[in-house]
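Chains as they are written, first to last, in our numbering: chain A, 1 to 229; chain B, 230 to 458; chain C, 459 to 687; chain D, 688 to 916. Just so it is clear, CB atoms sit at the ideal spot from N, CA and C, and this is done for glycine as well. See below for the structure under consideration.
There are 4 protein chains.
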Amino acid sequence: MNILQFPVIVLNFKCYREATGRRALKLAEIAEKVSKNTGVTVIVCPQFTDLRLVAQSVEIPIFSQHIDPISPGSHTGHISAESVKDAGAIGTLLNHSERRMLLASLDEAVERAKQLNLLTLICANNERVSMLAASLNPWAVAIEPPELIGSGRAVSKVKPEIVSNTVKLIKNYKPSVKVLCGAGISSSNDVSAALKLGADGVLLASAFVKAADPEKILSDMCSAAQHYL
Amino acid sequence: MNILQFPVIVLNFKCYREATGRRALKLAEIAEKVSKNTGVTVIVCPQFTDLRLVAQSVEIPIFSQHIDPISPGSHTGHISAESVKDAGAIGTLLNHSERRMLLASLDEAVERAKQLNLLTLICANNERVSMLAASLNPWAVAIEPPELIGSGRAVSKVKPEIVSNTVKLIKNYKPSVKVLCGAGISSSNDVSAALKLGADGVLLASAFVKAADPEKILSDMCSAAQHYL
Amino acid sequence: MNILQFPVIVLNFKCYREATGRRALKLAEIAEKVSKNTGVTVIVCPQFTDLRLVAQSVEIPIFSQHIDPISPGSHTGHISAESVKDAGAIGTLLNHSERRMLLASLDEAVERAKQLNLLTLICANNERVSMLAASLNPWAVAIEPPELIGSGRAVSKVKPEIVSNTVKLIKNYKPSVKVLCGAGISSSNDVSAALKLGADGVLLASAFVKAADPEKILSDMCSAAQHYL
Amino acid sequence: MNILQFPVIVLNFKCYREATGRRALKLAEIAEKVSKNTGVTVIVCPQFTDLRLVAQSVEIPIFSQHIDPISPGSHTGHISAESVKDAGAIGTLLNHSERRMLLASLDEAVERAKQLNLLTLICANNERVSMLAASLNPWAVAIEPPELIGSGRAVSKVKPEIVSNTVKLIKNYKPSVKVLCGAGISSSNDVSAALKLGADGVLLASAFVKAADPEKILSDMCSAAQHYL
């Protein structure tokens, strides 16, 4: 399943107004352009309502922001793995700090995603939870100390030992599970720092979505990542 | 905002496999055809990922199955009112028995929907909760005793007094709020019974989505509803 | 059921360390002493684990901080109405801003409490939600704008119109439902202001529990309330 | 921390009417008597409101049914580790199938319990989740397939391979973590089967609480367990 080339840059569009509808499409097109220019894998995570629109229009990998631990059926207002796959997603975030999941539900959601060959990127708030996440054999784990999310202070700089410890622990325990680094990533320096610490990529949101010049900042980040291709 | 003609038939696609992606579109096209033929308003509620696809293709009203009580912003895996409106929905279900909401969140979600001129259809499990829902001045309240949902036994037949009481209470307290009848609606007889009891429409799911011949059953239901136009 | 004399002062012990175990008992004894001295009804709301201890030792009314919408049975880690009643509570808070409830669960919890003759005090974050709460016919509704809770700025002073509007709306709609005023109540002046606006009492927590001299502050508040006996 | 002698029999009182208040005390006294007679460790898990009552009256270990992932402070209607410890509990169940926890909350609750030297018994619904639970280094993990809870069909008999696999996996990965077996345990034969498969004890509820003769059934179970002392 690990068909994507590492390192990867994952762009979470959240529910930002700047990343809704046509603006989501515009941002995805920028991501596609920069990815093609630099050769660095860029994954975008639009809102559920925009998944199909984006997937039909760009050729970079699309992830959903969440799936519920359900089979298709009698569930109103839920997100099945089938629905996001049908809309064109090839993977999904799970357990983001803004969408924490029950332990049993996370387990079930990962299983359901695997049955559909959807990649899973589980977010974790500390080293212990990262190890728990890794034990589910997901595609990747993203370590994101909640207090740094959206702070502009990158975990790779402020708490580098969290990143390097998590990388070491997971690589030792589950060598096939990739480790991403989130929370506060806002510059190419932050990306370099993360990859230098052994991360296989980064996960960011506002620094790209809300940038005055999203193409510029993503280009810089991808340039930094090129050294680790 | 009450631009829609009553009675209405609301079709909840839930997360049914038979109502995902292109199959959602197919069902919506059937709904559009029957609605045009009979003059009865038919509203469809596809999954989030299918909202835009359906809205772009048919000219009947589209509702979302849920929205979260949030403004656009830093919310991962949530559903903003803005996102479903951007995708083409003109309204939303709220507080469905499969997606119950916190009281304070329901209040907030109704307010957010109103700011965007989205119609709100609040589901309620009994008369008391129907009155609470009505006090938020939504577009409509749907009374759905949970034990009858998906049962094939229509509330309008099995517990007609719940429907007539709720209609009476709400019409007296908030005359502008419409009252729909859900739970177990599976035939044109059930629709007739509901409208006879004073309901302004019905809400159903499996009886249409999983029907061997969805067009046939919806045509029968709309024919029954024509008498109340 | 309204056997208690108004106005009332309701003391929420929350999970404060200063109000756990023997310290909960100590605070309840202070409340009892001041209540007896002033003739003003004081209700204490200890943690679940302290309900019986407090109820066995003092003769003022005890409320639980929450109950779940369940019957006795196969529920692990939940709070049944029966369990808090058995422990000596005569009422319960519901839907506190730190323990928001699903609309349908709140309705069910109020019903279960009534079956056991437990008084219900529903917290609400704004006027609309206060009206919803009142429509369930609880013993009382407490209006508590969340942004003022624990702020030291009393709703009765900072937003007096919220209190007077809520009082007017509820007294008009459900005359038997009492209206309390919470959020930021921290002095006898705040109590006076609330009662002057028509409230039947106040709900407070930290200003009493964390006071250097809890007896002094409660005595002052009860003195202020005496004018409204 | 593992001061308790194995195997153990853990009795979950849930919210059963038959195990509330004085009836909880009565059942705990039976458990104490049988434990003393047989030398087998029996742990009881009363409701929050009964913890102190039971802890003051019997000399067997008391567990809480749940704790929330909070520090003492401004939390209404929650259960702090401090409150259950103060009431006399020496440990707590966590993540029971009727009280599932968020992954991050479970991690936090285990940490808080450890800071207070409270033993933690994490319930898990399958082998994968058992491994996740074990990675938090709790006192013990209880494997409980939800479909068998309260079924009268014991996991140790109906799905023995789940028990033996979980035992093997956890003993290999975290040798210090004990493995209990729950779900459907209703006779001494079920207990024998569980211990034979390598479990360090059993977790049960209705078979004891709702028994016509609780002392008889517990005596039989403890007799079966004596062979594994």
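For N401(B), not one C-beta of chain C is nearer than 8 Å to its own C-beta. 8 Å or more divides the Cβ of E476(C) from the Cβ of V660(C). Residues of chain A with a Cβ closer than 7 Å to the Cβ of S822(D) are, in chain order, M131, L132 and S135. Taking all protein chains in view, the Cβ of H914(D) is surrounded by fewer than 16 other Cβ atoms within 10 Å, so the residue is classified as exposed. In the structure shown, A612(C) falls within a coil segment according to DSSP collapsed to helix, strand and coil.
The distance from the Cβ of A454(B) to that of V269(B) is about 5 Å, consistent with a contact at the 8 Å cut-off.
In summary, I766(D) is buried, with 16 or more beta-carbon neighbours lying within 10 Å of its beta-carbon over all protein chains present. K494(C) and L712(D) have their C-alpha atoms some 33 Å from each other. V177(A) carries a coil assignment under DSSP once its states are collapsed to helix, strand and coil. Per DSSP, reduced to three states, the secondary structure at L691(D) is coil, with no helix or strand assignment. For the options I43(A), L102(A), T76(A) and R23(A), the alpha carbon positioned closest to that of K243(B) is the one of T76(A). Contact of D336(B) with chain C is assigned, a C-beta pair being separated by under 8 Å.
Within chain C, the residues placing a beta-carbon under 7 Å from that of A333(B) are R558, N583 and V587, ordered along the chain. Note on the segment 85-115 of chain A: whole beta strand (DSSP E) runs with a minimum of 3 residues are 91-94, in chain order. Bounds of the alpha helix (DSSP H) holding V649(C) are S646 to K654. Contact between L102(A) and R787(D) holds: CB atoms are separated by about 5 Å, below the 8 Å threshold.
With a threshold of 8 Å between beta carbons, T49(A) makes contact with chain B.
When Cβ-Cβ separations below 8 Å define contact, E311(B) makes contact with chain A. The beta carbons of I607(C) and G642(C) sit about 7 Å from each other, so the pair counts as a contact at 8 Å. Neighbours of N95(A) in chain D, taken as residues at a C-beta separation under 9 Å, are given in chain order as L789, L790 and A791. Taking E356(B) as the centre and dropping the five residues before and after it, the same chain places the C-beta of I391, N394, T395 and L398 closer than 7 Å to its C-beta, in chain order.
In the three-state scheme derived from DSSP, where H, G and I count as helix and E and B as strand, L511(C) is classed as helix. Residue pairing by DSSP places V498(C) in no beta bridge whatsoever. Annotation: I461(C) to I520(C) spans about 14 Å, alpha carbon to alpha carbon.
Excluding the 5 residues flanking it on each side, A880(D) has same chain C-beta neighbours closer than 6 Å at S843 and K844, in chain order. Contact between L781(D) and V797(D) holds, with the beta-carbon distance rounding to 7 Å and staying under 8 Å.
For Y703(D), the nearest beta carbon of chain C is closer than 8 Å to its own beta carbon.
Counting only the Cα atoms, P862(D) lies some 21 Å from L793(D). Annotation: I79(A) is outside any alpha helix (DSSP H) and is labelled neither H nor E by DSSP. Under the DSSP assignment, L890(D) falls in the beta strand (DSSP E) whose first and last residues are G888 to L891. Here E288(B) is exposed, its C-beta having fewer than 16 other C-beta atoms within 10 Å. Per the C-alpha coordinates, the member of A318(B), P275(B), R341(B) and D279(B) positioned closest to P301(B) is R341(B).
Contact check for P160(A) against L195(A) fails: the beta carbons are separated by 8 Å or more.
Take the alpha-carbon of P7(A) and the one of M221(A): they are about 11 Å apart. Rounded to the nearest angstrom, the Cβ distance from I90(A) to L119(A) is 6 Å, consistent with a contact under 8 Å.
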